[in-house]
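Visitor:
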């Protein structure tokens, strides 16, 4: 047929068509001597004359190419082909192609004709972004809304010498090197499952084309979009054959087809992109000083990765019932004030916005972290904060999108350019932890004013506490709903007719019902109180009720991945279920309306699907899908189709193959092997995959340590300097030692573990993991020495000294780390209960009281057995010989603090010598400041508290109540804040800070200004604070 299909015209006009170019699309190119590009046979003859002889003219390309490479070498043949084709320039037809918007472009050509066309065109609609191999950063390349991917499936002249990506000349090369382009072909299949593909420049005899079409047809349902095949020589029988495969044959050559396309679609309709719903007003650009401009990188970040909250002039309306069932957490609910105001909002605004505005100090880069359990309302609280900071305080406010990438240099450039404090909100900081660390480090060095407000799930914070606490300046916890918040929320539910089962109840009955559930989390409370069922029952019933079954299967896949908090790309659902976005919108959007959200689709991004909350997705995965085999099959299916060049897929992939995730899914090694086999095929030669498989074997309830070692060796071969892999060798040897009975073999493996750990430290310095492993090794070596009768007293003393030295070294670096504190307590108990070791220590100390390590160990043993008097005697003897040793002074201070008749002056004396200026002996410093406060008052102690306030410890440690006083005090409530107040103490006449959590018997809810209260005093890193506060009757 020669008619130009109207359906194709509409698809190209709307920017939905995928253009696939073959050799025929370059045949119109000419050199000044009128030479044109050769076809396959022509190239074979040219290679035969250049590398073989005229005898091989007429042989096929594959055979000639193989012989040429064999007789000469790979690079020489590849460079010749590259130089030959590199001479050709684009035609007018190629230039015309640049005036259309394509969903994507692919080619089996190597030439640079299309690249040059986009470079030479005066006003191309899109930016051409070539993709050559798996691992090319496709998201970064396609971040601009006018970028289009150009997938070069058979190589490119621009990289002729890359032996892993040769110009494909033979079928062997095609098979051998396709593995480096597997994701490109998978991406093409994603495109083809949802968008019409337009093949131009192929003959019907082309083996590559026929093979590709067979692959596409074998993997896709009959509902895939129609394809189009453009060529000059189709016969009616051929047209009929291709039509039976839902491929429309168009009888035109390349130039005629492009001319027809150009004539059929007016220029005004080309490249139209749907306007963004937010209608940006260039807010940030209006804040720039005259003459200042942002770079393209910063503009792209603003366009694609963040919402500029100040410029959200109109937002999509939201149905209240959808919002209260967590089916919509967009800006519409915030604009409509559907959310109940949380106390924490006022606290953060007060401390980090109002106080900053009133302060005369120049703000530095700072990081405020909001913690909360899953479903506690973190995301909505974050959006409310951002909305008010932008609207009420008119501060530039950026909110990282759910799919947004954090670009530190762009944020710093924006803050520096507008010369104001920029507030950046990051919901789920662990997703961009590395970039956030870079941002805070560079911002401090650059002296720019950035406030980062982030959120994290409490359980994830607990597991990665050390990483986050190094960054955080202030942290807050989103607690359960207060009475005021519950009543406010009930009022909103009533106003918007969303009370559900509560509607028939009285106001007090509603409050009681909701209060019974709000002790868990907001998400749970909203569902249970309004449905009169348990949250688990609601979610499981909801899953089982999804119809048709195909919609339920799609929802299941979304939940399998979104429980890991990774959005699920529409292209991935298209590959797994054969349902493109258009079909999803037509057939499944209604059945999944309140349980699946569609995000993305703006600024050129692909669409993605998410469940309304990751906690709900996790419940579907664990409870609604109650068959372990079904869960495994769902995970395997996802793994097979993930495209690791997309960050969401990559993140999901590494979470799915994490050893803890796999162990939770199945303890059956055959199941685990299926997972890791697919993972290795998906990401070949990936040290992370091999390492996780090794950890699975190591941490399995019935560990296979030999297999773990084999896998670890392979992981190290692939990534020899990876500190995590190197640390696993130490843990492997330690586990072997724990499992061995013969002392010699146990000692051998402990020595190997120690050597591996110290080798890692020499390479990478101390980390939390290497430090703790070294302490564990030393503790185990001490126990082994004690269990061996041949061990001499001198050897025992050396082992104990080695452990004490390791503990002391690591405590200096991290004095409040829980593992080290627990190990100290375990050691004290162990020393006091081990008769031989205690006897050895006593003999050693009697022989040499100068020995510091023996003195400390013996003191621990005495304290562990409750012999404080004996412990004091030992420390005082040791101090006679080591009078400047802070550890001894601190030990004596701890003993004296528990001694009823101890002298205050004596205690102060030893406390002052328990630390040196600038060290990390924070307990000693805090005890010293406390003693000064007791003896000389707040004024004398304040300089020491001020120094402690700058200590780089976690906020929880900084705020923790230490060393309380025995006395009870009285006072009156003074200045009141949203979640705290100040109490004027009757005895000291000073103002003491009291957080709401410091009030007992729920008295905080009743507190008003000037209320009389009684309380106790403890100390945190900022000074004395009130706790156990209650009304003074």
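In UniProt numbering, the protein residues as written are 1 to 1033. For each residue, glycine too, the CB sits at the ideal point set by N, CA and C.
Rounded to the nearest angstrom, what separates residue 611 and residue 704 at their Cα positions?
Guide: Here residue 611 refers to the residue found at position 611 of the chain shown. Here residue 704 refers to the residue found at position 704 of the chain shown. So the two alpha carbons sit approximately 38 Å from each other.
Visitor: Below 8 Å, is the gap between the Cβ of residue 580 and the nearest heavy atom of the ligand ATP?
Guide: This structure lacks the ligand ATP, and indeed carries no ligand of any kind.
Visitor: Just the C-alpha distance for residue 820 and residue 810, rounded to the nearest angstrom, thanks.
Guide: As a working note, residue 820 is residue 820 in the chain shown. As a working note, residue 810 is residue 810 in the chain shown. Rounded to whole angstroms, residue 820 to residue 810 spans 8 Å at the Cα level.
Visitor: How long is the line joining the alpha carbons of residue 694 and residue 159, rounded to whole angstroms?
Guide: Numbered from its first residue, the chain shown carries residue 694 at position 694. Numbered from its first residue, the chain shown carries residue 159 at position 159. If I take the Cα positions, the gap works out to 36 Å.
Visitor: Do you know offhand how far residue 20's Cα is from residue 371's?
Guide: As a working note, residue 20 is residue 20 in the chain shown. As a working note, residue 371 is residue 371 in the chain shown. Spanning the two alpha carbons is a distance of roughly 49 Å.
Visitor: How big is the Cα-Cα spacing for residue 625 and residue 330?
Guide: Taking the chain shown and counting its residues from 1, one reaches residue 625 at position 625. Taking the chain shown and counting its residues from 1, one reaches residue 330 at position 330. About 29 Å.
Visitor: Decide if residue 1017 is buried, meaning its Cβ has at least 16 other Cβ atoms within 10 Å, or exposed.
Guide: The residue you call residue 1017 lines up with position 1017 of the chain shown. Buried: at least 16 other Cβ atoms inside 10 Å.
Visitor: Measuring CA to CA, which of 327, 798, 117, 642 is closest to residue 375?
Guide: Residue 375 sits at position 375 when you count from the first residue of the chain shown. Residue 375 has its Cα closest to that of 327, out of 327, 798, 117, 642.
Visitor: Who are the near neighbours of residue 944 in its chain, counting only those whose CB is closer than 7 Å to its CB and skipping five residues on each side?
Guide: Numbered from 1 along the chain shown, position 944 holds the residue referred to as residue 944. Hits under 7 Å: 925, 928, 929, 932.
Visitor: Is residue 903 buried or exposed, if buried means 16 or more other CB atoms sit within 10 Å of its CB?
Guide: Residue numbering aside, residue 903 sits at position 903 when the chain shown is read from its first letter. Counting Cβ neighbours within 10 Å, residue 903 comes out exposed, since fewer than 16 surround it.
Visitor: So, using beta-carbon positions, are residue 707 and residue 714 closer together than 9 Å?
Guide: Locating residue 707 in the chain shown gives position 707, where the first residue counts as 1. Locating residue 714 in the chain shown gives position 714, where the first residue counts as 1. Contact: no.
Visitor: Span of the beta strand (DSSP E) holding residue 491?
Guide: Walking along the chain shown from the start, residue 491 turns up at place 491. Unbroken run through residue 491 is the alpha helix (DSSP H), 483 to 495; no beta strand (DSSP E).
Visitor: If you reduce the DSSP assignment to three classes, tell me which class residue 230 lands in.
Guide: Along the chain shown, read from residue 1 onward, the residue named residue 230 stands at position 230. Looking at residue 230 - three-state DSSP - the assignment turns out to be strand.
Visitor: Candidates 700, 740, 756: which alpha carbon is nearest residue 725's?
Guide: The sequence position of residue 725 within the chain shown is 725, counting from 1. Of the listed residues, the one whose Cα sits closest to residue 725 is 756.
Visitor: What residues are listed by DSSP as bridge partners for residue 962?
Guide: Here residue 962 corresponds to residue number 962 of the chain shown, with the count starting at 1. Residue 962 pairs with 1019.
Visitor: To which residues of the same chain is residue 899 closer than 6 Å at the C-beta, ignoring the five residues directly before and after it?
Guide: Against the chain shown, residue 899 aligns to sequence position 899. Cβ within range, chain order: n/a, list empty.
Visitor: Below 8 Å CB to CB, which residues in the same chain sit around residue 888 once its five sequence neighbours on both sides are set aside?
Guide: On the chain shown, position 888 is the one that residue 888 refers to. Hits under 8 Å: 852, 855, 856, 875, 878, 879, 882.
Visitor: Give the range of the beta strand (DSSP E) segment to which residue 727 is assigned.
Guide: Translated into positions along the chain shown, residue 727 becomes position 727. Element bounds for residue 727: not the beta strand (DSSP E) but the alpha helix (DSSP H), 723 to 739.
Visitor: Using the beta-carbon count (16 or more within 10 Å), is residue 310 buried or exposed?
Guide: Residue mapping note: residue 310 aligns to position 310 of the chain shown, counting from 1. Per the 10 Å Cβ criterion, buried.
Visitor: Would you give the residue range spanned by the beta strand (DSSP E) that residue 474 belongs to?
Guide: Counted from its first residue, the chain shown places residue 474 at position 474. Looking at the DSSP string, the run of the beta strand (DSSP E) that includes residue 474 is 474 to 477.
Visitor: Taking just the CA atoms, how far does residue 990 sit from residue 1029?
Guide: Position 1029 of the chain shown, counted from the start, is the residue given in the question as residue 1029. Position 990 of the chain shown, counted from the start, is the residue given in the question as residue 990. Cα to Cα, residue 1029 sits roughly 16 Å from residue 990.
Visitor: I need the boundaries of the alpha helix (DSSP H) containing residue 694, first residue and last residue.
Guide: Residue mapping note: residue 694 aligns to position 694 of the chain shown, counting from 1. Taken as a continuous stretch (DSSP letters only), the alpha helix (DSSP H) holding residue 694 covers 687 to 699.
Visitor: Less than 9 Å between the C-beta atoms of residue 1013 and residue 973, yes or no?
Guide: Taking the chain shown and counting its residues from 1, one reaches residue 1013 at position 1013. Taking the chain shown and counting its residues from 1, one reaches residue 973 at position 973. Yes, Cβ-Cβ distance for residue 1013 and residue 973 is below 9 Å.
Visitor: How big is the Cα-Cα spacing for residue 406 and residue 396?
Guide: Translated into the one-based positions of the chain shown, residue 406 becomes position 406. Translated into the one-based positions of the chain shown, residue 396 becomes position 396. Residue 406 and residue 396: Cα-Cα distance of roughly 17 Å.
Visitor: Helix, strand or coil: how does DSSP classify residue 27 here?
Guide: Here residue 27 corresponds to residue number 27 of the chain shown, with the count starting at 1. The answer is coil: DSSP assigns residue 27 none of H, G, I, E or B.
Visitor: Tell me the rounded alpha-carbon separation between residue 365 and residue 503.
Guide: By 1-based counting over the chain shown, the position of residue 365 is 365. By 1-based counting over the chain shown, the position of residue 503 is 503. Their Cα atoms are separated by approximately 48 Å.
Visitor: Do you know offhand how far residue 594's Cα is from residue 600's?
Guide: Here residue 594 refers to the residue found at position 594 of the chain shown. Here residue 600 refers to the residue found at position 600 of the chain shown. If you take the alpha carbons of residue 594 and residue 600, they lie about 17 Å apart.
Visitor: Contact check, residue 367 vs residue 399 under 8 Å by CB: the rounded distance?
Guide: Counting from one through the chain shown, the residue named residue 367 turns up at place 367. Counting from one through the chain shown, the residue named residue 399 turns up at place 399. Wrong, their Cβ atoms sit about 16 Å apart, outside the cutoff.
Visitor: Could you name the residues of the same chain whose beta carbon sits closer than 8 Å to that of residue 1039, not counting the 5 residues immediately before and after it, in chain order?
Guide: An answer regarding residue 1039 cannot be provided, because it is not within the stretch 1 to 1033 covered by the chain.
Visitor: If you measure between the beta carbons of residue 564 and residue 655, is that distance less than 9 Å?
Guide: Working through the chain shown from its first residue, we reach residue 564 at position 564. Working through the chain shown from its first residue, we reach residue 655 at position 655. In this structure, residue 655 lies closer than 9 Å to residue 564 by Cβ.
Visitor: Excluding the 5 residues preceding and the 5 following residue 551 in the sequence, name in chain order all residues of the same chain whose CB lies nearer than 7 Å to its CB.
Guide: One-based indexing of the chain shown puts residue 551 at position 551. Result list for residue 551: 588, 591, 592, in chain order.
Visitor: Can you name, in chain order, every residue of its own chain whose Cβ lies under 7 Å from the Cβ of residue 115, other than the five neighbours on each side?
Guide: Along the chain shown, read from residue 1 onward, the residue named residue 115 stands at position 115. Excluding residues within five positions, the ones whose Cβ falls inside 7 Å are 128, 130.
Visitor: What's the call for residue 434, buried or exposed, on a 16-neighbour Cβ count within 10 Å?
Guide: Taking the first residue of the chain shown as position 1, residue 434 is located at position 434. It counts as exposed.
Visitor: Under 7 Å Cβ to Cβ from residue 460, same chain only, skipping five residues before and after it: list those, please.
Guide: For the purposes of this step, residue 460 is taken as residue 460 along the chain shown, with counting starting at 1. Counting only Cβ-Cβ distances below 7 Å, and skipping sequence neighbours, we find 430.
Visitor: Quick check on the burial criterion: 16 or more other C-beta atoms within 10 angstroms. Buried or exposed for residue 290?
Guide: Translated into positions along the chain shown, residue 290 becomes position 290. Flag for residue 290 reads exposed.
Visitor: Give the range of the alpha helix (DSSP H) segment to which residue 335 is assigned.
Guide: Position 335 of the chain shown, counting from 1, holds the residue named residue 335. It spans 331 to 335 - the alpha helix (DSSP H) in which residue 335 sits, taken as one unbroken run.
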